[in-house]
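Q: Below is the structure I would like to discuss, written out as structure tokens.
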Amino acid sequence: MHKLLEPMVWVDAAVQVFYSIGVGFGVHLTYASFNKYHNNCYRDCLITASVNSLTSFYSGFVIFTYLGYMATSMNKEIENVASEGYGLVFQMGGIEAVITGLMDEFDLHKRFKREYFTGIVICASFIGSLVNCTQVTT
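Residue numbering for the sequence shown is 1 to 138, as defined by UniProt numbering.
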């Protein structure tokens, strides 16, 4: 509980909020392209930031409750319990930005249903990433 009084904890929390909102990744521009011209973007921004912060706060309690239990039962420090594997959760927002950009740029709405094109992009990404999963050497 004493960690909550440290200023660096709150700085790290603020950094996490900006990271989880995805500022600078292009996802917001993609999502905004679906808005009406006179959409109230200030309201949407406040709602998005508030919901994101509340969700992150709640998720932190849920996740760290389980991590604390796992650390206690495995006799490890909490930093060593689950250090990898969470990156895949956040990939769909980024891939959605790529899919929307490709469909808009090349006018693929007429040729493909969005669901099929999403499947094609994900399968192509999977096949391309197999190089990282094998012991291929040059």
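No residue lacks a Cβ here, since even glycine has one placed at the ideal position from N, Cα and C.
Values in this document were obtained by computation on a predicted structure and should not be read as measured data.
Do you know offhand how far V11's Cα is from D107's?
A: Counting from 1 along the sequence shown, the entry for residue 11 is found at position 11. Counting from 1 along the sequence shown, the entry for residue 107 is found at position 107. C-alpha separation (whole angstroms): 43 Å.
Q: Measure the Cβ-Cβ separation of I21 and N52 and say whether it is below 7 Å.
A: Along the sequence shown, read from residue 1 onward, the residue named residue 21 stands at position 21. Along the sequence shown, read from residue 1 onward, the residue named residue 52 stands at position 52. Against a cut-off of 7 Å, the Cβ pair of N52 and I21 comes out as a contact.
Q: DSSP three-state call for D107: helix, strand or coil?
A: Position 107 of the sequence shown, counted from the first residue, corresponds to residue 107. If DSSP states are grouped into helix, strand and coil, D107 belongs with coil.
Q: If we require 4 or more residues per run, which alpha helix (DSSP H) segments fall completely within the region 12–44?
A: Those alpha helix (DSSP H) runs which fall completely within the region 12–44 and span 4+ residues are 27–32.
Q: Starting from T118, trace the alpha helix (DSSP H) both ways and give me its first and last residue.
A: Locating residue 118 in the sequence shown gives position 118, where the first residue counts as 1. T118 -> alpha helix (DSSP H) spans R114 to S129.
Q: Tell whether a beta-carbon distance below 7 Å holds between T30 and T118.
A: Your numbering for residue 30 matches position 30 in the sequence shown. Your numbering for residue 118 matches position 118 in the sequence shown. Not in contact: T30 and T118 (Cβ atoms no closer than 7 Å).
Q: How many angstroms separate the CA atom of V45 from the CA atom of T55?
A: Stepping through the sequence shown from its first residue, residue 45 is reached at position 45. Stepping through the sequence shown from its first residue, residue 55 is reached at position 55. According to the sequence shown, residue 45 is Cys rather than Val. Straight-line Cα distance between these residues: approximately 15 Å.
Q: Verify whether the separation of the beta carbon atoms of G93 and V15 is less than 7 Å.
A: Position 93 of the sequence shown, counted from the first residue, corresponds to residue 93. Position 15 of the sequence shown, counted from the first residue, corresponds to residue 15. Against a cut-off of 7 Å, the Cβ pair of V15 and G93 comes out as no contact.
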